[in-house]
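In this note's numbering, each number is its position in the sequence shown, counted from 1, plus 29. Let me begin by presenting the structure, written as structure tokens, before commenting on it.
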Amino acid sequence: MGRLFGTDGVRGIANEDLTNELAMQIGCAAATVLIKNSKSSKPTVLIGKDTRASGDMLEAALTAGLCAVGCNVLSVGVIPTPAVAYLVGLYECEAGIMISASHNPCEYNGIKIFQKSGYKLDDRLEEEIESIILDKSEKIELKTGGDVGNSTVCKTAVKDYVKHVVSTTDVRFDGIKLALDCANGSASVCAKEIFSQLGATCYMLSDIPDGTNINHNCGSTHPEELMRFVKNAGLDVGLAFDGDADRMLAVDEKGNLVDGDKVIAICASMMKQEGRLKQNTAVVTVMSNLGFFKFCNENSINCAKTAVGDRYVLEKMLKDGYNIGGEQSGHVIFLDYATTGDGELSGVQLLKAVVKSQKPLSQLASVMQVYPQVLINVKVSAEGKKKYNNDEYIIAATQKAEMELMGDGRVLVRVSGTEPLVRVMLEGKDINHIQRLGEEIAQVVKERLS
């Protein structure tokens with residue numbers, strides 16, 4: 030994890046951690062790094078954003094930084110993060126920037142940068158940008174006169190992205206009654222259009238953003254209302270997105286949650302049956318449920334594991350030639366269609382599996398048994414995050430819990446890449462047992478690092 034960049038871009042409270050000055054510096058530095066080999070005398074950088082009130086402010090600062098070093102800016106407005114990744118290639122831009130803090134509350138915001146290939150920046154490029162900003166390692170050449178960049182507004186972005194997502198299925202969803210929880214975020218501008226074009230009857234939840242209600246008691250981080258709505262209204266499926274719509278959790282017709290692990294299991298099974306599962310492998314992180322690994326064993330599907338973060342899943346997929354992977358949290362990457370996690374595209378693929386199987390989602394989801402899991406987030410100081418790996422008391426508490434589980438579960442304690450948290454996760458057969466063990470570890474973490 031870098032000095033500015035976490036596992037998913039630069040993130041913090043807007044106007045406190047992520048200031049206009051820092052956003053402008055990121056614009057200048059990112060442009061300096063990314064356009065070194067550009068053939069254009071004035072390359073274009075695409076900028077999208079979610080619905081947060083601070084989005085306009087940070088876009089203006091980023092735009093100023095980019096234009097100051099001679100880049101043009103193409104503003105696509107409110108749009109999902111995966112749309113930026115797709116459109117940067119479609120519109121032949123040098124880079125794409127998404128202003129979003131994903132699933133975090135409205136006071137947070139963030140900056141994610143995509144290369145012209147549609148992939149997020151690798152560690153080397155992020156470190157180069159950080160070095161320019163923090164160490165003044167390279168002088169930024171500010172342009173004057175006609176060499177200064179300009180900004181234009183794109184009005185076709187949503188339409189072009191919707192067309193792309195719709196094109197990824199060869200079946201229609203006529204007759205499916207579908208609830209869509211847009212988290213009052215980016216999905217509000219396109220989710221209904223995508224699934225309506227494919228024939229589904231859509232019922233909308235949390236699709237009226239006001240700048241402050243993004244992710245507030247809604248979306249993939251708070252799916253409870255969607256679960257009740259789907260069950261009480263007698264619908265077939267519910268889909269919950271996060272603030273920038275790069276992740277999705279589903280709800281079956283009985284009101285039960287279908288998480289990212291189950292979505293990957295269902296879609297990997299479909300792809301295997303159709304002969305499209307490359308290397309017969311699905312990629313997940315160490316946070317995936319034990320039940321997923323058991324599912325893979327029972328269905329003769331290979332499973333590759335990575336560190337937590339969709340960027341690490343993607344790196345593994347690209348390195349070894351796999352085409353499906355993701356996280357329990359709902360980031361799922363379908364590499365045949367996208368270069369990053371895409372919640373709406375994932376929803377389309379999941380509904381395609383439902384239609385092709387002619388089975389209700391609850392039956393498809395039963396392919397994987399979920400083991401009880403406890404996740405405790407412990408707020409820690411910035412200094413505490415740095416000390417975590419070498420703290421002997423935390424290591425001892427973790428080893429003690431592992432000994433108690435005696436191979437019937439697992440313990441995973443890790444630092445969050447995007448928030449000031451240490452996450453304590455345990456899985457096992459007895460929920461009460463792992464809850465007690467988790468609380469014991471969390472207490473040690475709190476005492477040592479808070």
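All C-beta atoms in this analysis are idealised placements derived from N, C-alpha and C, irrespective of residue type, glycine included.
(1) Three Cβ pairs or more, each shorter than 8 Å: is that satisfied between the region 256 to 271 and the region 300 to 319?
(2) Would you list the one or two residues that DSSP bridges to Ala124?
(3) So, Gly99 versus Asp46, is the Cβ gap smaller than 7 Å?
(4) Using only CA atoms, which one of Val194, Asp85, Ser395 and Ala43 lies nearest to Glu373?
(5) Give me the Cβ distance between Ala52 and Ile108, rounded to the nearest whole Å; I'm assuming they're in contact under 8 Å.
(6) Ignore the nearest five residues each way along the sequence and tell me which others in Asp420's own chain have a CB closer than 8 Å to its CB.
(7) How big is the Cα-Cα spacing for Ile128 and Arg465?
(8) Which same chain residues end up closer than 7 Å to Thr241 when comparing Cβ atoms and leaving out the 5 residues on each side of it in sequence?
(9) Pull the bridge partners of Thr36 from the DSSP assignment, please.
(10) Per DSSP, which residues does Val361 bridge with? Please list them.
(11) Do you know whose CA, among Ile470, Asn461, Gly446 and Glu468, lies nearest Val39's CA?
(12) Could you tell me the alpha carbon to alpha carbon distance between Ile335 and Gly174, rounded to whole angstroms?
(13) Under the assumption that Leu207 contacts Asp265 (Cβ atoms under 8 Å), give the Cβ distance between them as a whole number of angstroms.
(14) Should Tyr171 be labelled buried (16 or more other beta-carbon atoms within 10 Å of its own) or exposed?
(15) For Gly487, count neighbouring Cβ atoms within 10 angstroms of its own Cβ and tell me buried if that reaches 16, exposed if not.
(16) Give me the Cβ distance between Leu116 and Val105, rounded to the nearest whole Å; I'm assuming they're in contact under 8 Å.
(17) Restricting to Cα atoms, I'd like to know which of Ala90, Ala130, Ala411 and Glu157 is closest to Val451.
(18) Is the beta carbon of Asp271 closer than 7 Å to that of Gly289?
(19) Would you list the residues sitting across from Ser104 in a DSSP beta bridge?
(20) Ordered along the chain, which non-local residues of its own chain (more than five positions away) have a Cβ less than 8 Å from that of Val62?
(21) Report back the beta-carbon spacing between Ala43 and Leu87 to the nearest angstrom; my notes put them in contact at under 8 Å.
(22) Per DSSP, what kind of secondary structure is Thr241 in: helix, strand or coil?
(23) Tell me which residues share the same chain as Glu431 and place their Cβ nearer than 7 Å to its Cβ, disregarding the 5 neighbours each side in the sequence.
(24) Between Asp85 and the rest of its own chain, which residues show a CB-CB distance below 8 Å, the 5 nearest in sequence each way excluded?
(25) Look up Ala336 in the DSSP assignment and say whether it is helix, strand or coil.
(26) For Pro238 and Ser131, I'd like the C-alpha separation in whole angstroms.
(27) For the candidate residues Met277, Val407 and Gly436, whose alpha-carbon lies nearest to that of Ala212?
(28) What's the C-alpha gap between Asn179 and Leu75?
(29) Go ahead and pull the three-state DSSP assignment for Arg153.
(30) What number of angstroms, rounded off, separates the C-alpha of Asp371 from the C-alpha of Ser386?
(31) In whole angstroms, what is the alpha-carbon distance linking Leu33 and Glu167?
Based on what the coordinates show:
(1) no
(2) The residue given as residue 124 occupies position 95 in the sequence shown. Beta-bridge pairing links Ala124 to Val74 and Gln144.
(3) For this step, residue 99 is matched to residue 70 along the sequence shown. For this step, residue 46 is matched to residue 17 along the sequence shown. Going by C-beta atoms, Gly99 is not nearer than 7 Å to Asp46.
(4) As a first step, residue 373 is located in the sequence shown; it is residue number 344 there, counting from the start. Nearest of Val194, Asp85, Ser395 and Ala43 to Glu373, Cα basis: Val194.
(5) As a working note, residue 52 is residue 23 in the sequence shown. As a working note, residue 108 is residue 79 in the sequence shown. About 18 Å separates the beta carbons of Ala52 and Ile108, which is beyond the 8 Å limit, so they are not a contact pair.
(6) Taking the first residue of the sequence shown as position 1, residue 420 is located at position 391. So the list reads Arg477 and Leu478, once near-sequence residues are dropped.
(7) What you label residue 128 is simply residue 99 of the sequence shown in a count that begins at 1. What you label residue 465 is simply residue 436 of the sequence shown in a count that begins at 1. Those two C-alpha atoms are separated by around 39 Å.
(8) By 1-based counting over the sequence shown, the position of residue 241 is 212. Only Ala82 and Cys135 meet the Cβ criterion.
(9) In the sequence shown, the residue the question calls residue 36 occupies position 7. Gly38, per the DSSP bridge assignment.
(10) Counting from one through the sequence shown, the residue named residue 361 turns up at place 332. Per DSSP, Gly355.
(11) By 1-based counting over the sequence shown, the position of residue 39 is 10. It is Gly446 whose Cα lies nearest to the Cα of Val39.
(12) The residue labelled residue 335 in the question sits at position 306 within the sequence shown. The residue labelled residue 174 in the question sits at position 145 within the sequence shown. Position check: residue 335 holds Thr in this sequence, whereas Ile was assumed. If you take the alpha carbons of Thr335 and Gly174, they lie about 49 Å apart.
(13) Numbered from 1 along the sequence shown, position 178 holds the residue referred to as residue 207. Numbered from 1 along the sequence shown, position 236 holds the residue referred to as residue 265. Contact flag correct, Cβ pair sits at about 7 Å.
(14) Taking the first residue of the sequence shown as 1, we reach residue 171 at position 142. This sequence places Leu at residue 171; Tyr is not what is there. Exposed, because fewer than 16 other Cβ atoms sit within 10 Å of the Cβ of Leu171.
(15) With the chain running from 30 to 479 in the structure shown, residue 487 is simply not present.
(16) The residue you call residue 116 lines up with position 87 of the sequence shown. The residue you call residue 105 lines up with position 76 of the sequence shown. Indeed, because the Cβ distance is near 6 Å, the residues count as touching under 8 Å.
(17) Residue mapping note: residue 451 aligns to position 422 of the sequence shown, counting from 1. The candidate whose alpha carbon is nearest that of Val451 is Ala411.
(18) Walking along the sequence shown from the start, residue 289 turns up at place 260. Walking along the sequence shown from the start, residue 271 turns up at place 242. Annotated as distal: Gly289 and Asp271, with beta-carbon spacing of 7 Å or more.
(19) Taking the first residue of the sequence shown as 1, we reach residue 104 at position 75. Looking at the DSSP assignment, Ser104 forms a beta bridge with Ile76 and Val182.
(20) In the sequence shown, residue 62 corresponds to position 33, counting from 1. Non-local beta-carbon contacts of Val62 in its own chain, meaning distances under 8 Å to residues more than five positions away in sequence, involve Leu154, Glu157, Ile158 and Ile161 in chain order.
(21) In the sequence shown, counting from the first residue as 1, residue 43 sits at position 14. In the sequence shown, counting from the first residue as 1, residue 87 sits at position 58. The Cβ separation is near 7 Å, so the contact holds.
(22) Residue numbering aside, residue 241 sits at position 212 when the sequence shown is read from its first letter. Thr241 falls in the coil class under three-state DSSP.
(23) Translated into the one-based positions of the sequence shown, residue 431 becomes position 402. Only Val440 meet the Cβ criterion.
(24) By one-based count along the sequence shown, residue 85 stands at place 56. Correct list, in chain order: Lys78.
(25) For the purposes of this step, residue 336 is taken as the residue at position 307 of the sequence shown. It is coil, neither helix nor strand.
(26) Residue numbering aside, residue 238 sits at position 209 when the sequence shown is read from its first letter. Residue numbering aside, residue 131 sits at position 102 when the sequence shown is read from its first letter. For Pro238 and Ser131, the distance between alpha carbons rounds to 14 Å.
(27) Residue mapping note: residue 212 aligns to position 183 of the sequence shown, counting from 1. Out of Met277, Val407 and Gly436, Met277 has the C-alpha closest to the C-alpha of Ala212.
(28) To locate residue 179, count along the sequence shown from 1; it is residue 150. To locate residue 75, count along the sequence shown from 1; it is residue 46. Going from the Cα of Asn179 to the Cα of Leu75 covers about 12 Å.
(29) What you label residue 153 is simply residue 124 of the sequence shown in a count that begins at 1. Three-state result, Arg153: helix.
(30) The residue you call residue 371 lines up with position 342 of the sequence shown. The residue you call residue 386 lines up with position 357 of the sequence shown. Approximately 23 Å between the Cα atoms of the pair.
(31) What you label residue 33 is simply residue 4 of the sequence shown in a count that begins at 1. What you label residue 167 is simply residue 138 of the sequence shown in a count that begins at 1. Answer to the nearest angstrom: the Cα atoms are 17 Å apart.
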